[in-house]
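All letters in the sequence shown, in the order written, are residues -23 to -1, 1 to 153 by mature numbering (1 follows the signal peptide of the UniProt record, and there is no 0).
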Amino acid sequence: MKSLTSSLSAIALAAALVLPASAAFAQAPTTTQAQAEISPEHLALARAVIDFTGAGNSFDNIVPQILADAQALILRTQPALQSDLAAVVPQLEQEFEKRRDDLLNDIARTYAESFSEDELKQIAAFYQSAIGRKLTETTPKVLEQSYVKARNWGQAVSSEVMIRLREEMEKRGHNI
């Protein structure tokens, strides 16, 4: 469960750092336009911002998690493959981990399409400051704790909703 929570937190962090605000997103140029207008320097700066923000670290567990899920799926129907899978999975992890850079470069393009070079320089300056580094270091913990609080809150509200629905339906002559 902790692995799942960490993965969900990482994905939430990445999404929060990668996805622009809806207003900015609506004003973003089309992909074709943006690709033509993005200089290599602009793209490199966007990639640096990903590194400064820690957004790239958010994807560290994706390949291992995909492989673990695939291995578990195979083992459900073919448990005799346990030892062979145990030998193959680390090899495949190295192979597919190399493709992580492709993902980060695609995300960098999203940053470059969403922010000017000057804006990216300002973002990079913030994340290189003491408070920016603290934000980067503490965000995963805050997100994980927030996920737990949101889950607990949702469970409590769900129970209360059912109680209130039953009460209101009983007033109308329905027993649920």
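Cβ coordinates follow ideal geometry from the N, Cα and C atoms, glycine included. Given the structure is predicted, the values throughout are model-derived calculations rather than measurements.
Would you mind working out which of the options sits nearest residue i, comparing C-alpha positions?
{"i": "residue 105", "options": "41, 134 and 29", "result": "29"}
{"i": "residue 110", "options": "90, 32 and 41", "result": "32"}
Identify, in the order they occur along the chain, each residue of the same chain with its Cβ nearer than 8 angstroms to the Cβ of residue i, setting aside the five sequence neighbours on each side.
{"i": "residue 58", "result": "51 and 52"}
{"i": "residue 41", "result": "70"}
{"i": "residue 103", "result": "109"}
Would you decide whether residue i is buried or exposed? Buried here means 16 or more other CB atoms lie within 10 Å of its CB.
{"i": "residue 151", "result": "exposed"}
{"i": "residue 153", "result": "exposed"}
{"i": "residue 49", "result": "exposed"}
{"i": "residue 60", "result": "exposed"}
{"i": "residue 97", "result": "buried"}
{"i": "residue 123", "result": "exposed"}
{"i": "residue 20", "result": "buried"}
{"i": "residue 140", "result": "exposed"}
Give me, in chain order, the residues of the same chain whose beta-carbon lies closer than 7 angstroms to that of residue i; leave out the 5 immediate sequence neighbours on both sides.
{"i": "residue 44", "result": "66, 69 and 70"}
{"i": "residue 25", "result": "101"}
From residue i to residue j, what distance separates their C-alpha atoms?
{"i": "residue 7", "j": "residue 86", "result": "Because the pLDDT at residue 7 is just 46, under 50, the model does not fix this residue reliably, and the point stays unresolved."}
{"i": "residue 37", "j": "residue 14", "result": "30 angstroms"}
{"i": "residue 81", "j": "residue 27", "result": "8 angstroms"}
{"i": "residue 72", "j": "residue 56", "result": "24 angstroms"}
{"i": "residue 135", "j": "residue 148", "result": "20 angstroms"}
{"i": "residue 145", "j": "residue 125", "result": "30 angstroms"}
By Cβ distance, which residues of its chain are closer than 6 angstroms to residue i, with the 5 residues on each side in sequence left out?
{"i": "residue 89", "result": "15, 19, 20 and 23"}
Subject >> Cβ pair count under 8 angstroms reaching 3, the segment 106 to 121 against the segment 73 to 90 >> reply: no
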